[in-house]
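This report concerns only the one structure given below.
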Amino acid sequence: MSIGNLSGVGRPLFVTGLWSREGSGAWREENLGWERLDAGESRPISIVANQIEHAGAHGLQLLIALASRWRWRQENFAFTANLTLMVEDAGSDKGPVVNIGGESAGHGNLVYISGKNDTKPDVQRSDEAVQLALVRAEREERRLSLRGLDADNWIPRNAEFIWKDFGEGDAPFNGPIMTQDGMLAAGRSRTRRQGGEGDVRLLVFDADGGLDETASRLISRRHFELYIESDRLILRVTAGSGLRVNGNAYGEGKTVRLADGDVIAPMVSAPDTLCLRVNFRTEHGSARQITLQRLATNRK
């Protein structure tokens, strides 16, 4: 068999896993010696099925894990395909005859496999590829931890962000992420609403409500980024000084999968000075609303 990258965007895909099973049995992981699949390229795969001993219809199901990558980001997906093996009784002096057909293979051709050479003139043979329809497998994606928060919960790309207890113009309007790169930049920089290049402005204020410039300088202009990837809310650290999530320190370039109730502290050395708390509102497993609340000892 072979897998082809027929995407029209001209970018590679990555095959990160391959499994097979008969009927509703357990998945078997298949050996795959390669990963990258460039645009327009097809590469072979091998599937090992259990020994077929009886005539009749035998179903073989494939599970394929694919990924698209751009810079440090990766979106994971899983697809299934069904293959039907029709086994005919060829008699005791010959091995089984297997006719292979795939779903949506509209041309009607069959791939004929015989245990011994067959001299019958009416046997139809074809070396044309049987195209198999790939079907998105969302449950398998979450079961394999390819996407989602866990096996039952996920964050859709159009989830609504709610900004609570931020100053005027210090956060985007409530709603889904609408930036061109699909990310929200948080840090000391002015927001786009204020004529700057950031999305969420993080500053420290003293007890009188005045700007604490010394403490605010501990926050980088672009301290971290937030984005949704593979049905998860991801934080990526962009500040050289790092930050803390739930008390754990993370350095520049690290990514953190955020969960309901997590607390982000931008200043490693003074984590209680300014924090953001993350909360999810989930409906039928889908976290359609994400609230980020600013928590600070001294608020403006």
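Everything in the sequence shown is counted per the numbering used here, starting at 1416 for the first residue and increasing by one. Glycine is no exception: its CB is placed at the ideal position from the N, C-alpha and C atoms.
For S1417: DSSP bridge partner residues: P1459
Separation of N1420 from T1629, as counted between CA atoms: 53 Å
Where R1605 falls: helix, strand or coil (DSSP): coil
Member of P1571, L1641, D1580, D1627 whose CA lies at the smallest distance from the CA of M1598: L1641
Uninterrupted beta strand (DSSP E) stretches inside the segment 1643-1690 (no shorter than 3 residues): 1647-1652, 1658-1660, 1663-1665, 1670-1673, 1678-1680
Three-state class that DSSP yields for R1572 in the structure shown: coil
Simplified DSSP assignment, three categories, for S1631: helix
Whole-angstrom distance between H1638 and A1600, CA atom to CA atom: 8 Å
One or two residues paired with L1564 in a DSSP bridge: Its beta-bridge partners do not exist; DSSP assigns none.
Limits of the unbroken beta strand (DSSP E) element including R1436: 1428-1437
C-alpha distance - V1693 paired with T1670, whole-angstrom precision: 16 Å
R1488, enclosing beta strand (DSSP E) - first and last residue: 1488-1503
Burial state of L1626 (16 or more Cβ within 10 Å): exposed
Among M1501, A1493, R1443, G1440, nearest to A1470 - alpha-carbon criterion: M1501
Cα-Cα separation between L1673 and L1547, rounded to whole angstroms: 37 Å
Beta-carbon proximity check, L1481 vs L1498, cutoff 9 Å: no
Min CB distance M1593 to chain B below 9 Å: Given the protein chain composition of this structure (a single chain), no chain B is represented.
Closest Cα partner of W1449 within the set P1459, G1440, D1675: P1459
Cβ neighbours of T1606 in the same chain (closer than 8 Å, five flanking residues each side left out): G1584, D1585, A1586, P1587, G1613, D1614, V1615, R1616
Element boundaries [beta strand (DSSP E), containing R1484]: 1471-1485
Reduced DSSP category for E1583 - H, G, I as helix; E, B as strand; rest coil: coil
For R1709, the first and last residue of its enclosing beta strand (DSSP E): 1701-1711
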